[in-house]
Every structure is written in structure tokens, then in C-alpha cells.
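S.K.: Under the numbering used here, think of the first position of the sequence shown as 8, with each following residue one higher. Ideal placement from N, C-alpha and C gives every residue a C-beta, glycine not left out.
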Amino acid sequence: MKISAGFNPSCRLSLVIPTYNERENLPVLVSSLVAVLDAVIPDGYEIIIVDDDSPDRTWELAQSLQVSYPQLQVVRRRRERGLATAVICGWQMAGGEILGVIDGDLQHPPATLKQMLKAIEGGADLVVASRYTRGGSVGSWNSIRQFLSRGAVSLALWLLPEIASQLRDPMSGYFLVKRSAIADCELSPIGYKILLEVMARGNIDRVQEVPYTFLERKEGSSKVTWRQYEQYIRHLIRLRFAVGKGKVARWGRFLRFAVVGASGVVVDFIVLTICSQIFGFSLLATKTNLGDVTIFLSKILAVEIAIINNFIGNEFWTFRDTTIGKTSFRQRLQRFGAFNLACTIGAVINIATFSLFAKLGMVIAVANLLAIIISTAWNYLINLKFNWRSDG
Ligand code: GDD
Ligand code: MN
């Protein structure tokens with residue numbers, strides 16, 4: 008499931024309320040949300056209720072509220088169930104520059120939105136209402152509930168440390184995120200934890216937490232069953248593989264680059280051997296006259312053909328996925344020119360570091376190896392960042 012990047016410039020915030028059997032809670036929630044939001048962004052927001060065809064006909068009640076609140080949209084999903092996918096479904100039809108979610112059972116106090124909006128305006132990509140940051144609390148939970156909640160956080164810290172550790176309350180279901188941070192990212196959550204999905208798959212740089220107290224449910228009942236715990240674990244494992252794959256893919260790319268580079272060394276040797284046959288010099292001679300123009304020009308030819316070889320390998324294999332939509336002859340020629348330049352600079356770095364290390368008294372073979380590593384890293388990074396531009 009993807010969220011498009013386009014938004015309606017007059018809509019700052021789209022707030023989704025996922026509901027399942029919440030008809031008693033909805034009227035109070037909607038009127039207090041409207042009171043809070045009218046005070047800060049009048050006419051600049053929309054509220055989207057996504058109901059999964061609740062047996063108590065929450066969707067019908069929601070539709071009746073639209074008469075008094077034109078900023079309210081209602082979706083009745085008939086064939087699907089699930090909190091996280093309901094939220095994405097709402098965001099897919101949202102117009103706002105900021106996307107948000109709040110529970111439909113009044114356990115998330117609407118007033119916290121004011122601080123959350125301020126934090127987004129202050130430059131955060133993601134603002135999370137948090138029970139575990141200073142000033143927040145879980146209210147009056149019994150020890151079993153506290154234990155399960157803490158256990159869920161520990162599990163996330165263990166399986167997804169780089170994500171869960173960014174937040175005190177990674178289990179929160181109340182947050183705002185900039186559309187630009189998740190637009191065009193493939194989201195495929197299972198179960199409840201939409202926040203983990205957003206953190207793992209979005210491009211989130213700045214995260215901020217705002218404290219709140221988790222209120223008691225007065226009407227209706229929680230939909231959490233053991234099934235949600237099972238789904239939670241499956242979701243964590245899925246994210247572990249998805250996030251890990253990104254890292255493996257990056258190493259895979261470097262490996263392909265190195266293989267192409269090695270093939271270039273072979274090509275260089277073959278060309279030099281052919282030239283030595285044609286122009287009658289020996290590759291095995293111990294004393295070469297460096298001033299010999301034919302040898303010098305032969306070497307330049309060998310290097311250039313190796314560069315062409317490497318360009319073809321990188322263009323059609325190493326970086327193929329990054330060239331989609333940029334394959335006109337002119338665009339390829341442009342990349343070829345840039346690659347040539349990068350390689351030339353790479354060669355200068357290679358020779359310079361080699362001479363430096365050799366001068367410092369390093370064994371020649373080691374100096375050469377280090378010089379090759381440094382110049383290969385240079386070639387790779389410069390081409391990755393500027394030539395075959397990739398976000399992955
Ligand atoms: N559309 C839809 N479909 N909504 C659902 C579904 C579903 O299958 N299941 C639950 N919801 C809605 C509920 O109606 C409610 O508005 C909200 O999602 C939260 O469900 P609860 O069952 O009340 O969950 P909770 O109170 O135990 O936990 C919530 O709050 C925590 C603290 O922020 C969840 O949002 C957790 O993810 C969150 O950690
Ligand atoms: Mn709840």
C-alpha cells in the first residue's frame with residue numbers, strides 16, 4: 008500500500024480515526040477534536056473515520072455526524088479488518104500535508120494535538136504522543152497490562168533496536184507524520200502497530216515525543232485479543248527482514264561494483280597484451296623506457312577500454328535499478344562522461360596515496376593494496392551519490 012506525494016495546499020492536517028464498534032464514543036470525540044483544531048487551524052484540516060463495517064453500525068452514526076461537520080469524511084471498509092491497514096486506507100484518500108492518527112475510544116486526549124502540531128511546525132518529521140516520556144503516564148493500568156506492554160517494547164527493542172530505540176513509546180497509536188516522509192514508500196503492516204511500520208519504512212529524520220496520559224475507556228471495549236500479540240510478533244519479524252534486506256542490498260551493490268572493477272583489471276591486461284604484440288614491446292621486460300610513447304599510449308588505451316567495460320557493467324548491472332526512466336542516449340552519455348571523470352580522479356587518488364604510503368616506508372604491496380581500497384571506495388561512493396543516484 009502506498010501513499011501518494013500530492014496534497015491539497017489548503018489542507019494542513021488529515022487526521023484518521025480507525026473505528027470498530029465505537030458508536031458511543033464517536034460524537035464526543037469528534038466534537039472535542041473539532042473544538043481543539045478549530046482553535047489552531049480553522050478550515051485547515053479534515054477528519055477521516057475508517058470503520059471496518061462495525062456490527063454496531065459505527066459507520067452509520069459517523070455519516071450522520073457529517074451533517075454538522077463538513078470537514079468529516081467516512082469510509083466503510085466491508086471486506087477488510089485491521090487497525091493498521093485502516094489507517095493507511097484513510098491516509099490514501101487524505102489531502103493533508105500532515106497525516107495523523109488517533110484512537111476512536113477517547114483514550115487519546117485530543118488536546119495533546121496542539122503540542123503535536125507545534126512540534127511538527129518546529130521541524131519534526133514525526134511527532135508521537137508518548138506515555139513513557141517525562142510528563143506522560145499509562146494512567147491506572149493493572150500490573151499484568153503493564154507487564155505485557157513493557158514486554159512488547161522489550162521485544163521490539165530486541166528485534167528492531169535501530170527503530171524502537173528512537174522512541175520511549177514505540178507502541179503508541181497516536182502520532183502525526185509529514186506526508187513527504189512516507190509518500191511513495193511501500194507500507195504493508197499486519198495488526199495494530201502502524202507506528203513501527205512508518206518508522207521502519209519511512210524516511211524519518213527528526214522524531215519528537217509529546218507526553219500524554221492514556222485515559223480509561225468509558226464506553227465499548229478494547230479489541231485486543233491474543234491474536235493481536237501473534238500478529239505483532241509476525242509484524243516485527245517481517246520488518247526485521249525488510250529493514251535488513253536494505254542493508255544486504257547495499258552490500259550486494261558494492262559487491263557487484265567490485266566484480267565489475269575486477270573485470271576491468273582483466274580487460275586492461277588483455278588490451279595491453281594485444282598492444283604489446285602489435286607494437287612489439289614486452290610485458291615481461293624489467294626495464295621499460297617510461298618515455299616510450301607507444302607504451303604510454305597503449306596504457307592510456309587499456310585504461311580507457313577498461314573504463315568503458317566498467318561503465319557498461321555498472322550501467323546495466325550494478326546500478327540498473329537506479330536508471331529506470333533515465334535511459335535516453337543523452338542521459339547514458341552524460342553518466343559515461345561523469346564516470347570517466349570520477350575514474351580519472353580515482354586514478355589520481357590511487358597513485359597519490361600509493362606514493363604517500365610508500366614514502367612513509369610501507370611495504371610496496373601493502374601500500375598498493377591500501378591505495379586500491381581507498382580509490383575503489385572513492386569511485387563507488389562518488390558514483391553512488393552523484394552519478395547513478397540512488398536512495399537505497
Ligand atoms: N477500522 C478498524 N479496524 N479499527 C480498529 C480495528 C479494526 O480492525 N481494531 C481496533 N480498531 C480501533 C478501535 O475502534 C479504536 O478506535 C482503536 O482502533 C484502538 O483500538 P483498542 O482496541 O481500543 O486498542 P488499545 O486501547 O488496546 O490500544 C490502542 O492504544 C495504544 C496506545 O496508544 C492502540 O492504538 C495501540 O496501537 C496503542 O499502542
Ligand atoms: Mn483503546
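Counting pairs of beta carbons, one from the stretch 197-206 and one from the stretch 166-177, are three or more of them closer than 8 Å?
M.R.: Short answer: they touch.
S.K.: With a cut-off of 8 Å, do at least 3 Cβ pairs link the stretch 9-27 to the stretch 56-75?
M.R.: Short answer: they touch.
S.K.: Just grab the DSSP bridge partners of P216 for me.
M.R.: For the purposes of this step, residue 216 is taken as residue 209 along the sequence shown, with counting starting at 1. Before going on, a small fix: residue 216 reads as Glu here, not Pro. Bridge partners of E216: V135.
S.K.: DSSP beta-bridge partners for L304?
M.R.: Residue numbering aside, residue 304 sits at position 297 when the sequence shown is read from its first letter. Paired residue(s): none; L304 is not in a bridge.
S.K.: Give the residues whose C-beta lies closer than 7 Å to at least one heavy atom of the ligand MN, in chain order.
M.R.: Any residue whose Cβ sits closer than 7 Å to a heavy atom of the ligand MN makes the list: D110, D112, Q114, R224 and S229.
S.K.: Measuring CA to CA, which of V41, F361 and S21 is closest to R186?
M.R.: Sequence index remark: in the sequence shown, residue 186 carries index 179 (1-based). R186 has its Cα closest to that of S21, out of V41, F361 and S21.
S.K.: Going by C-alpha distance, which of I314, F346, L133 and F248 is nearest F276?
M.R.: Numbered from 1 along the sequence shown, position 269 holds the residue referred to as residue 276. Answer by Cα proximity: I314.
S.K.: 9 Å is my cut-off, CB to CB: does T140 come that close to chain B?
M.R.: In the structure shown, chain B cannot be found, because there is only a single protein chain.
S.K.: Look at the alpha carbon of A126 and the alpha carbon of W258, and state the distance between them as a whole number of angstroms.
M.R.: Your numbering for residue 126 matches position 119 in the sequence shown. Your numbering for residue 258 matches position 251 in the sequence shown. Straight-line Cα distance between these residues: approximately 36 Å.
S.K.: Where N357 and M369 are concerned, what is the direct C-alpha to C-alpha distance, given to the nearest angstrom?
M.R.: As a working note, residue 357 is residue 350 in the sequence shown. As a working note, residue 369 is residue 362 in the sequence shown. Approximately 15 Å between the Cα atoms of the pair.
S.K.: For the alpha helix (DSSP H) that Q122 lies in, which residues bound it at each end?
M.R.: Position 115 of the sequence shown holds residue 122. Counting along the chain, the alpha helix (DSSP H) containing Q122 begins and ends at T119 to E128.
S.K.: In terms of residues, what are the limits of the beta strand (DSSP E) holding F361?
M.R.: As a working mapping, residue 361 is identified with position 354 in the sequence shown. Premise fails: F361 lies in the alpha helix (DSSP H), F336 to K366, not in any beta strand (DSSP E).
S.K.: Determine the DSSP secondary structure at V74, reduced to helix, strand or coil.
M.R.: On the sequence shown, residue 74 is found 67 positions in, with the first residue counted as 1. In the structure shown, V74 sits in coil (DSSP, three-state: anything other than H, G, I, E or B).
S.K.: Note the first and the last residue of the continuous beta strand (DSSP E) segment covering Y52.
M.R.: Mapped onto the sequence shown, residue 52 falls at position 45. Taken as a continuous stretch (DSSP letters only), the beta strand (DSSP E) holding Y52 covers Y52 to D58.
S.K.: Give me whichever residues DSSP pairs with I2 in a beta bridge.
M.R.: Limits of the chain in this structure are 8 at one end and 399 at the other, which puts residue 2 out of reach.
S.K.: I133 and I201: beta carbons closer than 9 Å?
M.R.: For this step, residue 133 is matched to residue 126 along the sequence shown. For this step, residue 201 is matched to residue 194 along the sequence shown. According to the sequence provided, residue 133 is Leu. The question's Ile does not apply to it. No.
S.K.: With a threshold of 8 Å (Cβ to nearest heavy atom), would M178 be considered close to the ligand GDD?
M.R.: The residue labelled residue 178 in the question sits at position 171 within the sequence shown. For the ligand GDD, at least one heavy atom lies less than 8 Å from the Cβ of M178.
S.K.: Exposed or buried, G129, counting other C-beta atoms within 10 Å across all chains shown (16 or more means buried)?
M.R.: As a working note, residue 129 is residue 122 in the sequence shown. Looking at its Cβ environment, which holds fewer than 16 other Cβ atoms inside 10 Å, G129 is exposed.
S.K.: Taking the Cβ atom as the reference point for each residue, do G146 and L222 lie within a distance shorter than 9 Å?
M.R.: Counted from its first residue, the sequence shown places residue 146 at position 139. Counted from its first residue, the sequence shown places residue 222 at position 215. Contact flag set, yes.
S.K.: In its own chain, which residues sit with a C-beta less than 6 Å from the C-beta of L106, not counting the 5 before and 5 after it?
M.R.: Position 99 of the sequence shown holds residue 106. Closer than 6 Å at the Cβ level, and outside the excluded window around L106, lie S21, W98, V184 and R186.
S.K.: Is G89 near the ligand GDD, with its Cβ less than 8 Å from a heavy atom?
M.R.: Residue numbering aside, residue 89 sits at position 82 when the sequence shown is read from its first letter. Yes, the beta carbon of G89 sits closer than 8 Å to at least one heavy atom of the ligand GDD.
S.K.: Are there 16 or more other CB atoms within 10 angstroms of the CB of V23, so buried, or fewer, so exposed?
M.R.: To locate residue 23, count along the sequence shown from 1; it is residue 16. Buried, because 16 or more other Cβ atoms sit within 10 Å of the Cβ of V23.
S.K.: State yes or no: is the C-beta of W385 within less than 9 Å of the C-beta of T329?
M.R.: What you label residue 385 is simply residue 378 of the sequence shown in a count that begins at 1. What you label residue 329 is simply residue 322 of the sequence shown in a count that begins at 1. Not a contact, by the Cβ cut-off of 9 Å.
S.K.: List the DSSP bridge partners of K185.
M.R.: Stepping through the sequence shown from its first residue, residue 185 is reached at position 178. In the DSSP output, where bridge partners are listed per residue, K185 has I105.
S.K.: Comparing the CB of Y236 with every heavy atom of the ligand GDD, is any distance shorter than 8 Å?
M.R.: Here residue 236 corresponds to residue number 229 of the sequence shown, with the count starting at 1. Result no, Cβ not under 8 Å from the ligand GDD.
S.K.: I believe E226 touches N32 by the beta-carbon criterion, under 8 Å. Please report the beta-carbon distance rounded to the nearest angstrom.
M.R.: Sequence index remark: in the sequence shown, residue 226 carries index 219 (1-based). Sequence index remark: in the sequence shown, residue 32 carries index 25 (1-based). Contact holds; Cβ gap of about 5 Å.
S.K.: Mind checking who R83 pairs with in its DSSP beta bridge?
M.R.: If you number the sequence shown from 1, residue 83 lands on position 76. Answer by DSSP bridge pairing, in chain order: D58.
S.K.: Distance, Cα to Cα, F248 vs W165?
M.R.: For the purposes of this step, residue 248 is taken as residue 241 along the sequence shown, with counting starting at 1. For the purposes of this step, residue 165 is taken as residue 158 along the sequence shown, with counting starting at 1. For F248 and W165, the distance between alpha carbons rounds to 14 Å.
S.K.: CB-CB under 7 Å to F261, same chain, minus the five flanking residues each way: which ones, in chain order?
M.R.: For the purposes of this step, residue 261 is taken as the residue at position 254 of the sequence shown. Cβ neighbours of F261 beyond the five flanking positions: Y387.
S.K.: DSSP puts I24 in a beta bridge; with which residues?
M.R.: Here residue 24 corresponds to residue number 17 of the sequence shown, with the count starting at 1. Partner(s): I56.
S.K.: Assign S179 to one of two classes, buried (16 or more other C-beta atoms within 10 Å of its C-beta) or exposed (fewer than that).
M.R.: Counting from 1 along the sequence shown, the entry for residue 179 is found at position 172. Per the 10 Å Cβ criterion, buried.
S.K.: Apply the 10 Å Cβ neighbour rule to A46 and answer buried if 16 or more other Cβ atoms are within range, or exposed otherwise.
M.R.: Locating residue 46 in the sequence shown gives position 39, where the first residue counts as 1. It counts as exposed.
S.K.: For the alpha helix (DSSP H) containing M206, list its first residue and its last residue.
M.R.: Within the sequence shown, numbered from 1, the residue matching residue 206 stands at position 199. First-last of the alpha helix (DSSP H) with M206: I201 to R208.
S.K.: Out of M123, G344, V41 and L304, which one is the CA nearest neighbour of N317?
M.R.: Counting from 1 along the sequence shown, the entry for residue 317 is found at position 310. If we check each option's Cα against that of N317, G344 comes out closest.
S.K.: Please report the Cβ distance between T220 and S156, rounded to the nearest whole angstrom; I am assuming they are in contact, meaning their Cβ atoms lie under 8 Å.
M.R.: Position 213 of the sequence shown, counted from the start, is the residue given in the question as residue 220. Position 149 of the sequence shown, counted from the start, is the residue given in the question as residue 156. The Cβ separation is near 14 Å, so there is no contact.
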